[in-house]
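Below is one structure, written out as structure tokens, with a few remarks after it.
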Amino acid sequence: MDIDPVTGGTLPLDSQQLGTVAANSSHIILFKWGSLTTLNNPPWESTFSLSFTQMGTPSVTIFALVNWDVAFSTRSFFTQQVEMLIEHVAQTYLTSTDIVIRTGQYFCCTYDINPQLKRKYSRLRIQYFSQYLVDEFNARFGKERRIIIWDVGCISEHRLYAARDEHAKLCSPNHVRADI
């Protein structure tokens, strides 16, 4: 979370106390989910709380979803979870907070952490899930706040297949690096 660079803000010193962040500094909070799938333990919605904003109003929040959703959930489950996420965002973040939606990326899916998960990946599914996420966030928030689309799927799809495959081999889950 960015703290106002002009006036500064607060910073957690430990689980009980807040300290001060000087002007011209930033504070970033990262919370990693396994997307909106049921693979999260605890479930993502139970960890989404107003504590995300207890140290000030963030200037931007980034949602990087889709890859695990495409691989390990159904379309109907994903659409329900997106609706829940949108309601959590509406209740948690002020309209001054910009939203960045990071779309799904090229993912070759030849490796599974657990063979019982039965990965369900295809390029069309990833395009559909990404577009659905973008459309729903734009429909709900597009008139009241800035929505920025970070289309990593488009970036990776424009690379030659051999180049995508070469990078995928370097990662055991067979997806390309986040910077591709």
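Residue numbers (the working numbering): 42 to 221.
Glycine is no exception: its CB is placed at the ideal position from the N, C-alpha and C atoms.
Please read all numbers here as calculations on a predicted model, not as lab measurements.
Whole-Å CB distance - residue i paired with residue j, under 8 angstroms assumed
i, j, result
"V101", "V141", "6 angstroms"
"G75", "T144", "That belief does not hold up - the Cβ atoms of G75 and T144 are roughly 17 angstroms apart, past 8 angstroms."
"T133", "T94", "6 angstroms"
Separation of residue j from residue i, as counted between CA atoms
i, j, result
"I221", "T136", "For I221, the predicted structure reports a pLDDT of 42, less than 50, and the residue's modelled location is therefore unreliable. The matter cannot be settled from this model."
"T151", "K73", "Unreliable positioning characterises T151 in this predicted model, as indicated by a pLDDT of 49, which lies under 50. A coordinate reading is not provided."
"V111", "A105", "13 angstroms"
"G183", "Q172", "14 angstroms"
"E251", "F170", "The structure shown does not extend to residue 251, since the chain is modelled only from 42 to 221, so the question has no answer here."
"S163", "L77", "18 angstroms"
"S114", "P84", "14 angstroms"
"W191", "D176", "14 angstroms"
"A203", "T88", "39 angstroms"
"R187", "N82", "31 angstroms"
"W109", "I196", "19 angstroms"
"Q146", "S117", "21 angstroms"
"S90", "L201", "41 angstroms"
C-beta contact flag for residue i and residue j at 8 angstroms
i, j, result
"V107", "I189", "no"
"T138", "T79", "no"
"L174", "V123", "yes"
"I127", "F178", "yes"
"E185", "M125", "no"
Paired residues, beta bridge with residue i - DSSP
i, result
"I190", "I142"
"T94", "Per DSSP, none; premise fails for T94."
Enclosing alpha helix (DSSP H) for residue i [first to last residue]
i, result
"F170", "R164 to F182"
"N81", "Neither: N81 is in no alpha helix (DSSP H) and is coded neither H nor E."
"H199", "Per DSSP, H199 belongs to no alpha helix (DSSP H) and is neither H nor E."
"W109", "N108 to F113"
"L126", "R116 to T133"
"T88", "W85 to T88"
Residue i: first and last residue of the uninterrupted beta strand (DSSP E) it sits in
i, result
"F104", "V101 to A105"
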